[in-house]
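One structure below.
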Amino acid sequence: MFRFIARRLLETIPVLFIIVTATFFMVRFVPGGPFDSEKATTPEIRANLEAYYGLNLPLHQQYTNYLKAVVLHGDLGRSTKYASRTVNEIIADKLPASLQLGGLSLLIALALGLTAGVIAAVKRNTKIDYFASSFAMVGICVPTFVLGPLLVLVFAIHLGWFSASGWYEWQDRILPSITLGIVYAAGIARLTRGGMLEVLNLDYIRTARAKGASETRIIFKHALRGGLLPVVSYLGPAIAGILTGSFVIETIFQIPGLGREFVNSAFNRDYTLVLGTVILYAVLIIALNLVVDVVQVWLNPKLKFE
Amino acid sequence: MFTPLFRRAGLLATAFLLIFIAGCSKKEVSTETANGKVLRIGNGAEPEDIDPQVVTGVGENKIITALIEGLVTYSPDGGIAPGVAETWEISADGLLYTFHLRDNAKWSNGDPVTAQDFVRSFQRMLTPSLGAEYAYKLFHLVNGEEFNTGKITDFAQVGAKALDARTLQLTLKHRTPFLLESLKHYAWFPVHIPTVEKFGGLTRKGSAWTRPGNYVGNGPFNLVSWKPNQKITVTRSATYWDHATVKLDGIEFYAIDKDDTEERLFRTGELDYSYTLPLNKIETYRREHQDTYRQTPYYGVYFYRLNTTRKPLDDKRVRRALALAIDRESLIKNILRSGGQSPALNFTPPSDKFTSNARIAGDLDEAKRLLVEAGYPEGKNMPPVEILFNTSESHRVIAEAIQQMWKTRLGVNALIVNQEWKVYLNSQQTLNYQVARAGWIGDYDDPNTFLDMWVTGGGNNQTGWSNAEYDRLLHGALATPTEEARMAVYQKLEAILADEVPVIPIYFYSRIYAISPKVKNWITTPLDNRAWKWVDLAD
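Sequences listed follow chains Z and L, in order.
Residue numbering for the first sequence follows our numbering, starting at -2 and increasing by one per position.
Residue numbering for the second sequence follows our numbering, starting at 5 and increasing by one per position.
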């Protein structure tokens, strides 16, 4: 297993290199630059500005300077949008909020999704199944930009239990986490139900039943392990997404997270911030996919570390 | 008979239920500086910085004017009041301004505010390696532009001198009748040089000097906290020379970039003032919340740029016909929901100083006649024109309405093209468009801020339009001996614009917002700026 993990980590280096290189040149070739604004300034001032950020250098030199700074010093550069902040600072500042939101949402998603999925599979074609499946469909169909404001309307404006938005007190975490959690819970419920149903029809489950194993033992001892495989595959990229924040949720609830920076940096042509967030996202995706692969082998003895 | 996995899931679900129930207590409105009168305002997007020599934004202006005071400031009625400068004299030729600084003007660390602070701040602003975007605002100074463009390197040659600690002399390269008005802008504000030097030097953009705990200002309020993408909190300064006038104990500037979110916060009482209101809420507020709804004129114009280098818009008859065929009243009433905007038939918004006599006015018959003259009777043979706008629902519906008006009234086919913000800016700058929506808010309260856009080759022209007479008049306007003569020149400039129509003015902006009845002394000014020291909050 250690060889497998070491090999995968080594493979990460060229992947990251390709991602950084492609992103670096792609953002440069998109029309419009970081200093374009509705009120134009003089060409001389613009030249001063570009010189300040080193954007007057030949592109290949900018690229090598950037790579050197990142690899040798872990320095992701200065944001061109937020003049007083470096990309490292912005990520360090915003990631905790995204992690809090993502962590809580993930717990809600797992608690609700797994429970609903297992129950729906076990009580197949009953009212309970229909209810759980409906929950999943509603969760999938109702977008966060509808669900979020609805929750705010009921619990913040009408009942006055929470702030309409903001990220100051611990209560402020509840509505956004539920909003984001429900969306992922719906997906998890659907996948859990599907995975469980598939496994429950397999021969070894029939054998277990024939041997007189209790239904609870069959479900939680024999079926769940295999039934969770599709959920585990889904969770890898889902966790990366959920942890790096959700642009919509962060905007609706005014959460100072990384999701908003990720999207806005592209709109602002904040080259270094785009690259910084892409690198972070890529590392998270790669790491979580590795974890998913390890967990899948652990869940499914037929698979091996190769 | 639960398995460990199921038990864990159950515990988890229970924990969340408990958290949710525990959170369901009646929400108290919290303020970090909840002592006394704290005004909580929606301030648009997250500020890029709060260094007056680095930023360019409107939201930043609101915060910086609370923290730093310039030579002059806003009077309670929005005019010009002495700031750090107690008095000033202007030479007869209008080229020499001598400011006498008050001796009790202090920085928040107790240091006196000196004329040298202003000179060194101007030097910082104009130093090329800082890359200050608003450096051009100081180009009125003799050799200001030359220093910023590197043509001279000796700042002693720039027209900003400290005659002594309390006397500042500015020498201008041309008459600038709106200089005092311009001095209200933060580009002219001083910074505490030793503090900026301590945190990385004068030409290091975005150093830590603007962080809470480091920031040294000379304004009515001091920086207490800055939570990025949340809020900036300031509290009343004890060292401000006029601190007895300051009414508020503090201000919280909330960074909220979504209208709906902001409106919800205002509705739940968590904000005293909203930066704006969502379009779809205007009618409700006007009808049901008259005590909080406000719409006031704003010194800005929404217009369409026309690329005069391309057919058929190189023909002024076509440009004029297109301008005449727009029903601005209908647009304002039906599309903008009558949010206080007014139809624009000329380019410069009306103000106390200047109201244009020139009008792009005429009936539809004239528009049709012009098209016939241009060789496009009822729009026949005229190639379709493209209306470019940046991604925004309001720009889209305006473009669609105008597209429809041109089709039904003139028979002209128009296509609408939507581009992402920076791509759209790039298209305009490179003249890669035919018709492009645009907006312009004045930098200062004077028609010059609108009319100097259209000088040949000007960075903000972006229409390819050039008129030698216009350039000559514009350059001569500042040298006119009286304000009346200058405004007369501006009337001529407006007449040229109305005749040549390089741009189609559509409507003059208004500011729409909600404000708590508790907020007192909230003056309205053309640029929506004010000195915070006058604003009060009822107990």
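Glycine is no exception: its CB is placed at the ideal position from the N, C-alpha and C atoms.
Just so you know, these numbers come straight off a predicted model, no measurement behind them.
Excluding the 5 residues flanking residue i on each side, which residues of the same chain have their C-beta closer than 7 Å to its C-beta?
{"i": "residue 70 of chain L", "result": "223, 224, 225, 238, 255 and 536"}
{"i": "residue 500 of chain L", "result": "471, 473 and 474"}
{"i": "residue 52 of chain L", "result": "59, 61 and 64"}
{"i": "residue 257 of chain L", "result": "45, 47, 66, 67, 235 and 236"}
{"i": "residue 233 of chain L", "result": "50 and 259"}
{"i": "residue 374 of chain L", "result": "321, 324 and 325"}
{"i": "residue 176 of chain Z", "result": "141, 144, 145, 148 and 246"}
Shorter than 8 Å from the beta carbon of residue i to some beta carbon of chain L?
{"i": "residue 267 of chain Z", "result": "no"}
{"i": "residue 246 of chain Z", "result": "no"}
{"i": "residue 275 of chain Z", "result": "no"}
{"i": "residue 75 of chain Z", "result": "yes"}
{"i": "residue 80 of chain Z", "result": "yes"}
{"i": "residue 253 of chain Z", "result": "yes"}
{"i": "residue 35 of chain Z", "result": "yes"}
{"i": "residue 161 of chain Z", "result": "yes"}
{"i": "residue 42 of chain Z", "result": "yes"}
{"i": "residue 46 of chain Z", "result": "yes"}
{"i": "residue 295 of chain Z", "result": "no"}
{"i": "residue 149 of chain Z", "result": "yes"}
{"i": "residue 21 of chain Z", "result": "no"}
{"i": "residue 38 of chain Z", "result": "yes"}
{"i": "residue 234 of chain Z", "result": "no"}
Given a cut-off of 8 Å on the beta-carbon distance, is the pair residue i and residue j in contact?
{"i": "residue 130 of chain L", "j": "residue 148 of chain L", "result": "yes"}
{"i": "residue 74 of chain Z", "j": "residue 66 of chain Z", "result": "yes"}
{"i": "residue 510 of chain L", "j": "residue 439 of chain L", "result": "no"}
{"i": "residue 184 of chain L", "j": "residue 352 of chain L", "result": "no"}
{"i": "residue 271 of chain Z", "j": "residue 284 of chain Z", "result": "no"}
{"i": "residue 301 of chain L", "j": "residue 358 of chain L", "result": "no"}
{"i": "residue 41 of chain Z", "j": "residue 465 of chain L", "result": "no"}
{"i": "residue 525 of chain L", "j": "residue 188 of chain L", "result": "no"}
{"i": "residue 216 of chain Z", "j": "residue 143 of chain Z", "result": "no"}
{"i": "residue 248 of chain L", "j": "residue 170 of chain L", "result": "no"}
{"i": "residue 72 of chain L", "j": "residue 330 of chain L", "result": "no"}
{"i": "residue 123 of chain Z", "j": "residue 180 of chain Z", "result": "no"}
{"i": "residue 458 of chain L", "j": "residue 469 of chain L", "result": "yes"}
{"i": "residue 2 of chain L", "j": "residue 276 of chain L", "result": "A query on residue 2 of chain L cannot be resolved here, the shown segment of chain L reaching from 5 to 543 and no further."}
Taking only beta-carbon atoms, is residue i less than 8 Å away from chain Z?
{"i": "residue 53 of chain L", "result": "yes"}
{"i": "residue 294 of chain L", "result": "no"}
{"i": "residue 206 of chain L", "result": "no"}
{"i": "residue 28 of chain L", "result": "In this prediction, residue 28 of chain L scores a pLDDT of 42, lower than 50, which makes its location untrustworthy; the coordinate-derived value is nonetheless stated afterwards. It does: the Cβ of residue 28 of chain L has a partner Cβ on chain Z nearer than 8 Å."}
{"i": "residue 137 of chain L", "result": "yes"}
{"i": "residue 177 of chain L", "result": "no"}
{"i": "residue 551 of chain L", "result": "Absent from the structure is residue 551 of chain L, since the part of chain L shown begins at 5 and ends at 543."}
{"i": "residue 260 of chain L", "result": "yes"}
{"i": "residue 298 of chain L", "result": "no"}
{"i": "residue 274 of chain L", "result": "yes"}
DSSP has residue i in a bridge; who is on the other side?
{"i": "residue 92 of chain L", "result": "L:103"}
{"i": "residue 428 of chain L", "result": "Answer is none; residue 428 of chain L lacks a bridge partner."}
{"i": "residue 524 of chain L", "result": "L:540"}
{"i": "residue 235 of chain L", "result": "L:231 and L:258"}
{"i": "residue 306 of chain L", "result": "L:443 and L:511"}
{"i": "residue 173 of chain L", "result": "L:102 and L:165"}
{"i": "residue 292 of chain L", "result": "Per DSSP, none; premise fails for residue 292 of chain L."}
{"i": "residue 198 of chain Z", "result": "Partner(s): none; residue 198 of chain Z has no beta bridge."}
Please go through the same chain and pick out, in chain order, the residues whose beta-carbon is closer than 8 Å to the beta-carbon of residue i, but skip the five residues on each side of it.
{"i": "residue 287 of chain L", "result": "341"}
{"i": "residue 293 of chain Z", "result": "226, 229, 230 and 300"}
{"i": "residue 20 of chain L", "result": "Low per-residue confidence applies at residue 20 of chain L: pLDDT is 46, beneath 50, and the placement is therefore not dependable, though the value from the model is reported in the following sentence. Excluding sequence neighbours, residue 20 of chain L sits near nothing in its chain."}
{"i": "residue 51 of chain Z", "result": "59 and 62"}
Using C-beta distances below 6 Å, list every residue in its chain close to residue i, excluding the 5 sequence neighbours before and after it, in chain order.
{"i": "residue 82 of chain L", "result": "527 and 529"}
{"i": "residue 224 of chain Z", "result": "192, 193 and 196"}
{"i": "residue 32 of chain L", "result": "With a pLDDT of 40 at residue 32 of chain L, under the threshold of 50, the modelled position of that residue is not reliable, and the figure given next carries that caveat. Correct list: empty, nothing qualifies."}
{"i": "residue 109 of chain Z", "result": "182"}
{"i": "residue 576 of chain L", "result": "Residue 576 of chain L lies beyond the residue range present for chain L, which begins at 5 and ends at 543; the question has no answer from this structure."}
Along chain A, which residues have their Cβ under 8 Å away from the Cβ of residue i?
{"i": "residue 224 of chain L", "result": "Of the protein chains in this structure, namely Z and L, none is chain A."}
Sequence ranges, alpha helix (DSSP H) only - wholly within the region 250 to 299 of chain Z, length at least 4: Unbroken alpha helix (DSSP H) runs of no fewer than 4 residues, entirely contained in the region 250 to 299 of chain Z, are found at 255 to 265 and 268 to 296, following chain order.
Whole runs of the alpha helix (DSSP H) within the region 44 to 81 of chain Z, excluding any shorter than 4 residues: Runs of the alpha helix (DSSP H) lying entirely within the region 44 to 81 of chain Z, each at least 4 residues long, are 56 to 70 in chain order.
Start-end ranges of the alpha helix (DSSP H) lying completely within the region 457 to 505 of chain L, minimum 4 residues: Taking 4 residues as the minimum length, the alpha helix (DSSP H) runs contained wholly in the region 457 to 505 of chain L are 472 to 481 and 487 to 504, in order along the chain.
3-residue-minimum beta strand (DSSP E) runs that sit fully inside the region 330 to 400 of chain L, ordered along the chain: 389 to 394, all fully within the region 330 to 400 of chain L.
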